[in-house]
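Beneath this line is the structure, given in structure tokens, with notes to follow.
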Amino acid sequence: MVAPTIAAAASAVLFGSGAPACKALLGAIDPRWLAGLLYLGSAAALGAALLARGRKAWGSTGLRRGDLRWLAGAIVVGGVIAPLLALWGLSRTTAASASLLLALEAPLTALWARWLFGEHLGARTIQGLALITLAAAATAAPAGGGAVDAWGCLAVTLACACWALDNNMTREVAHADATTIAAIKGLVGGLLNASLAAVTAPAPAAPLALGAALVGALAYGASLVLYIVALRGLGAARASAYFAAAPLVGALVGVAVLGEPATTRLLFAGLLVLGGVQRLAWEPHYHRHRHAAFEHFHPHVHDAHHHHAHRGGEGVEPHAHQHPHEPLEHEHAHAPDLHHRHGHE
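Residues in the sequence shown are numbered consecutively from 407, following this note's numbering.
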């Protein structure tokens with residue numbers, strides 16, 4: 407079993423490397439085709455993972471009827487609109503700059519979460535989000551020595567806003583099997599983008615299409631699987647903090663592999679992102695809180711929040727099944743995960 411910290415780091419490396427890889431492919435593949443192929447590659451990889459898990463993986467997704475509106479919204483916003491905006495913007499700016507602009511997804515996700523769901527934002531979180539936002543502004547601001555494509559930067563920023571909204575919509579179905587959710591999002595988003603591309607742009611050559619699908623399988627599919635492993639072992643806050651380093655990886659790959667210039671401004675923005683990630687990773691949130699009685703489905707181990715009995719056949723931990731929670735009041739460090747969505751004074 408992969409250690410959670412290694413899984414989180416590998417997930418960030420795979421996803422962060424995706425922007426430079428896409429930049430390299432954009433010279434030969436239309437952005438609409440590339441968006442479709444990336445998500446279809448992700449769906450293929452995750453579908454293979456589900457098949458490898460056996461029939462039980464398909465019979466216990468944990469999805470409820472009320473989840474469909476959230477899933478549909480996430481597919482449209484995050485699986486169709488966002489990748490088209492991001493790839494169009496990437497075609498008009500450097501991979502390094504676009505990668506650092508993608509760091510805006512973290513503060514925008516937090517703002518959506520605060521506005522839509524009232525999630526708690528502590529001082530360190532606000533400081534980290536401010537540093538990342540400043541880094542994005544430094545990346546997008548015109549420099550005396552050269553021009554920055556404002557429309558390209560705006561498109562990437564809007565893509566981040568869409569992915570941030572997608573994250574919060576997906577939050578509402580996070581109790582279900584994550585691999586199944588991601589496979590559905592990849593399949594539907596990929597088919598919609600590929601269908602749009604088929605009537606508006608020439609299809610890429612087979613080798614290029616396979617290359618794009620492979621990038622999607624690694625940067626979106628395998629990255630997500632590793633991220634889920636990290637979530638189980640580190641919790642959402644620290645796993646997300648590791649993953650927030652992905653834009654730094656993308657910027658480094660853009661400079662090292664694509665030969666893009668390592669400017670002083672790019673270095674400054676990278677240091678700001680690194681500082682923001684550090685602040686996000688070490689946000690303490692500790693107080694006495696209550697858990698109401700409820701019942702839900704999600705992968706879990708038997709910890710301080712899981713003391714239920716089994717009927718047999720649940721399998722080894724971590725396992726997923728419908729289970730109850732009794733009323734509980736205690737005090738410990740926590741994040742706004744499935745079990746901690748309470749209000750704050």
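Virtual Cβ for every residue (Gly too), placed ideally from N, Cα, C.
Distance, Cα to Cα, residue i vs residue j?
| i | j | result |
| --- | --- | --- |
| residue 419 | residue 656 | 8 angstroms |
| residue 566 | residue 717 | 44 angstroms |
| residue 415 | residue 633 | 9 angstroms |
| residue 543 | residue 629 | 27 angstroms |
| residue 417 | residue 521 | 28 angstroms |
| residue 552 | residue 581 | Summary for residue 552: the model assigns pLDDT 49, below 50, so the residue's position carries little reliability; its value from the coordinates is reported in the next sentence. When rounded, the distance between both Cα atoms is 48 angstroms. |
| residue 409 | residue 564 | 34 angstroms |
| residue 669 | residue 653 | 16 angstroms |
| residue 423 | residue 511 | 16 angstroms |
| residue 459 | residue 434 | 36 angstroms |
| residue 730 | residue 715 | 9 angstroms |
| residue 591 | residue 449 | 8 angstroms |
| residue 491 | residue 666 | 22 angstroms |
| residue 664 | residue 430 | 8 angstroms |
| residue 574 | residue 517 | 10 angstroms |
| residue 428 | residue 684 | 27 angstroms |
| residue 662 | residue 675 | 17 angstroms |
| residue 455 | residue 611 | 27 angstroms |
| residue 708 | residue 728 | 14 angstroms |
| residue 569 | residue 483 | 7 angstroms |
| residue 476 | residue 576 | 7 angstroms |
| residue 550 | residue 593 | Model confidence at residue 550 stands at a pLDDT of 49, short of 50, so the residue's coordinates are unreliable; what they give is reported in the following sentence. Looking at the two C-alpha atoms, the distance is approximately 44 angstroms. |
| residue 599 | residue 625 | 18 angstroms |
Taking DSSP's pairing of strands, which residues face residue i in a bridge?
| i | result |
| --- | --- |
| residue 700 | 731 |
| residue 717 | Bridge partners of residue 717: none, in fact. |
In terms of alpha-carbon separation, which member of the options lies closest to residue i?
| i | options | result |
| --- | --- | --- |
| residue 559 | 448, 503, 512 and 439 | 503 |
| residue 698 | 729, 603, 573 and 733 | 733 |
| residue 679 | 661, 662 and 649 | 649 |
| residue 608 | 725, 654 and 437 | 437 |
| residue 500 | 432, 528, 456 and 488 | 432 |
| residue 588 | 498, 485 and 617 | 485 |
| residue 671 | 517, 541, 572 and 635 | 541 |
| residue 562 | 627, 505, 477 and 572 | 505 |
| residue 622 | 681, 583, 508 and 595 | 595 |
| residue 635 | 453, 584 and 701 | 584 |
| residue 602 | 487, 457 and 455 | 487 |
| residue 597 | 625, 443, 701 and 569 | 443 |
| residue 474 | 578, 604, 673 and 677 | 578 |
| residue 780 | 675, 708, 615 and 610 | The displayed coordinates of the chain run from 407 to 751. Any statement about residue 780 would go beyond what the structure contains. |
| residue 631 | 445, 440, 452 and 480 | 452 |
| residue 507 | 555, 519, 524 and 469 | 555 |
| residue 478 | 523, 572, 535 and 457 | 572 |
| residue 534 | 701, 694, 682 and 498 | 682 |
| residue 426 | 659, 694, 701 and 677 | 659 |
Under a Cβ-count criterion, where at least 16 other Cβ atoms within 10 Å of its own Cβ denotes burial, should residue i be classed as buried or exposed?
| i | result |
| --- | --- |
| residue 471 | exposed |
| residue 606 | exposed |
| residue 557 | exposed |
| residue 538 | buried |
| residue 613 | exposed |
| residue 412 | exposed |
| residue 673 | exposed |
| residue 604 | exposed |
| residue 496 | buried |
Establish whether the CB of residue i and some CB of chain B are separated by less than 8 angstroms.
| i | result |
| --- | --- |
| residue 602 | Protein chain content of the structure displayed is limited to a single chain, and chain B is not contained in it. |
Give the list of continuous beta strand (DSSP E) stretches no shorter than 3 residues that lie fully inside the region 552-589. Within the region 552-589, no complete beta strand (DSSP E) run reaches 3 residues.
Output the residue ranges of the alpha helix (DSSP H) runs that lie fully inside the region 502-530 and measure 4 residues or longer, sorted by chain position. The DSSP assignment places complete alpha helix (DSSP H) segments of no fewer than 4 residues inside the region 502-530 at 511-523, in order along the chain.
Enumerated in chain order, which unbroken segments of the alpha helix (DSSP H) with a length of 4 residues or greater are wholly contained in the region 433-462? List check, alpha helix (DSSP H) in window: 437-459.
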